[in-house]
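Report on the following structure.
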Ligand SMILES: *Cc1c(COP(=O)(O)O)cnc(C)c1O
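Numbering (the numbering used here), first residue to last: 280 to 633.
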């Protein structure tokens, strides 16, 4: 494995107030970089002071969005150590995204070592206030200075970090969601299963409209028949219906979330019947009308668990669990965050000490 060259920043930035952290605004002192050039492969892994990138305006990523990214966190444990959560899964998923976007795969061990080395160097930035963490954003961009539509011959892999505040300051707040039946974020055969910027670009309009109407996010339907539920905002979605847990089956247009997978592992261990299958909006609302929709929640790295309190579809709105968080959503949240922050035993080996 190639050595990671480290150039330290001359000055260290002052740390922000951990009680006032806003997501994604303040970045740490350093960033990780590695280049790819055709014929040379991935080379020159290095850590440098955090700084603007210099790119040609013709750079391919600006025009054709040949780009992929990841999102993960480093957590401060009660002993003062720093932990990652299933970091190998993020690196593997990054490479699955690369493959779909025709980006040469990263050497996985080196990419993981890059993440770990950067977080170790930025240790002082991992906050310790309850619920806070250091968000890690690895990404790869196409850097050929060329307007031809084809796979780039050069790429930049970069990792940046930002301290983030507690997602919930006053306990888990259920959100209002509505079924989006105009825009779609992804279709089968497209890039829905990857974390690429293009998926987000396609989803922004629906998110903005939802906010205007007083909803937090949208419930996405499949792009072909617009019947089947796929995700909620930028999270996976799970339902407790008549005692069973139901979640949309991964079909190519759904992002395989690591929080989703962790929820399913825990639920199966707890003895729940878990169904990964097609579920229509109609079935969901039928269940709600019959009083069988017991809980609904989104899952993702940012919020961990985001309970859904109100679901709207056209003119109809249903409340889930009286608009309050359900016991199972709360138990999943407590267990996952307990493991992530190193407060609870981790029989799965998910929590990785740095
Ligand atoms: C990142 C992401 C998720 C959640 O994935 P996690 O690995 O749990 O953070 C779900 N849906 C979309 C569209 C995403 O981009």
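Each residue gets a CB set at the ideal place from its N, CA and C atoms; glycine is no exception.
| query | Apart from the five residues just before and just after residue 378, which ones in its own chain have a Cβ nearer than 7 Å to its Cβ? | reply | If you number the chain shown from 1, residue 378 lands on position 99. So the list reads 384, once near-sequence residues are dropped.
| field | Continuous beta strand (DSSP E) stretch holding residue 643: start and end | value | The displayed coordinates of the chain run from 280 to 633. Any statement about residue 643 would go beyond what the structure contains.
| CB contact flag (residue 578, residue 538, <8 Å) | Numbered from 1 along the chain shown, position 299 holds the residue referred to as residue 578. Numbered from 1 along the chain shown, position 259 holds the residue referred to as residue 538. Yes, the Cβ-Cβ distance between residue 578 and residue 538 is below 8 Å.
| said: Can you check which of these residues, 621, 419, 599 and 472, is closest to residue 344 by C-alpha distance? | reply: Taking the first residue of the chain shown as position 1, residue 344 is located at position 65. Comparing C-alpha distances from residue 344 to each of 621, 419, 599 and 472 shows the shortest one belongs to 419.
| task | Would you give the residue range spanned by the beta strand (DSSP E) that residue 587 belongs to? | result | If you number the chain shown from 1, residue 587 lands on position 308. Start and end: 583-592.
| Hey, would you say residue 451 sits closer than 8 Å to residue 609, going by beta carbons? | By one-based count along the chain shown, residue 451 stands at place 172. By one-based count along the chain shown, residue 609 stands at place 330. Yes. Within cutoff.
| Check: residue 483 C-beta below 7 Å from any heavy atom of ligand 1 | Working through the chain shown from its first residue, we reach residue 483 at position 204. Checking the Cβ of residue 483 against ligand 1 gives no.
| query | Between which two residues does the alpha helix (DSSP H) carrying residue 374 extend? | reply | Within the chain shown, the letter at position 95 stands for residue 374. Segment 366-379, the alpha helix (DSSP H) holding residue 374.
| Which one or two residues does DSSP pair with residue 629 in a beta bridge? | In the chain shown, counting from the first residue as 1, residue 629 sits at position 350. In the DSSP output, where bridge partners are listed per residue, residue 629 has none listed.
| Alpha carbon to alpha carbon, how far is residue 393 from residue 324? | For the purposes of this step, residue 393 is identified with residue 114 of the chain shown, where counting begins at 1. For the purposes of this step, residue 324 is identified with residue 45 of the chain shown, where counting begins at 1. Using only the alpha carbons, I get a separation of about 8 Å.
| request: Taking residue 611 as the reference, give the member of 540, 593 and 628 with the closest Cα. | output: Taking the chain shown and counting its residues from 1, the one referred to as residue 611 is at position 332. Considering only alpha carbons, the answer is 540.
| query | How many Å lie between residue 456 and residue 585 at the Cα? | reply | Here residue 456 refers to the residue found at position 177 when the chain shown is read from its first residue. Here residue 585 refers to the residue found at position 306 when the chain shown is read from its first residue. Those two C-alpha atoms are separated by around 11 Å.
| message | Quick check on residue 309: buried or exposed, where buried means 16 or more other Cβ atoms within 10 Å of its Cβ? | response | By one-based count along the chain shown, residue 309 stands at place 30. Buried, because 16 or more other Cβ atoms sit within 10 Å of the Cβ of residue 309.
| Thinking C-beta only, is residue 312 closer than 8 Å to residue 347? | Mapped onto the chain shown, residue 347 falls at position 68. Mapped onto the chain shown, residue 312 falls at position 33. No, these two residues do not count as a Cβ contact at 8 Å.
| In this structure, does DSSP put residue 306 in helix, strand or coil? | Position 27 of the chain shown, counted from the start, is the residue given in the question as residue 306. The answer is coil: DSSP assigns residue 306 none of H, G, I, E or B.
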